[in-house]
Amino acid sequence: MDSAKRGEETLSLTLPGNPLLSAEMPLEISEVRDGINGSWMIEQVTHTIDKSLGYSCGIEAVKEIE
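So in full-length UniProt numbering, spot 65 of the sequence shown is number 65, and the numbers just go up one at a time.
This is the structure:
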């Protein structure tokens, strides 16, 4: 999506590792709460492997304007 269709709201979260996650992928969140639920666009994913914590993904996303 081009940046003109993206909102100003941002979201940062850490998830269990998933090698299929990448920037510019859509992210649909539901059953969390108003303001979080909805369509987001992933802007950045950081894949991390830690000896004690294992594989995780840090995600930075922006809210899609509906």
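Backbone N, C-alpha and C define an ideal beta-carbon position, used for all residues, glycine too.
Mapping DSSP to helix, strand and coil, what is residue i?
{"i": "L41", "result": "According to the sequence as given, residue 41 is Met; it is not Leu. Strand at M41."}
{"i": "P26", "result": "strand"}
{"i": "L20", "result": "coil"}
{"i": "A61", "result": "strand"}
{"i": "G54", "result": "strand"}
Spatial neighbours of residue i within its chain, please: C-beta separation below 6 Å, excluding the five flanking residues on both sides.
{"i": "M1", "result": "Because M1 sits at a pLDDT of 42, beneath the cut-off of 50, its placement in the model cannot be relied upon, and the following sentence gives the value as read from the coordinates. If we look at M1 and ignore the five residues flanking it on each side, its Cβ neighbours are M41."}
{"i": "L27", "result": "W40, I42 and A61"}
Throw me the rounded Cβ distance for the residue i and residue j pair, which I believe falls under 8 Å.
{"i": "E60", "j": "S12", "result": "6 Å"}
So, at 8 Å on beta carbons, what are the nonlocal neighbours of residue i in its own chain, with the 5 sequence-adjacent residues on each side left out?
{"i": "E8", "result": "V62 and K63"}
When the Cα of residue i is compared with those of the options, which residue comes out closest?
{"i": "P16", "options": "M25, T10 and H47", "result": "H47"}
{"i": "E24", "options": "N18, N37, R33 and V45", "result": "V45"}
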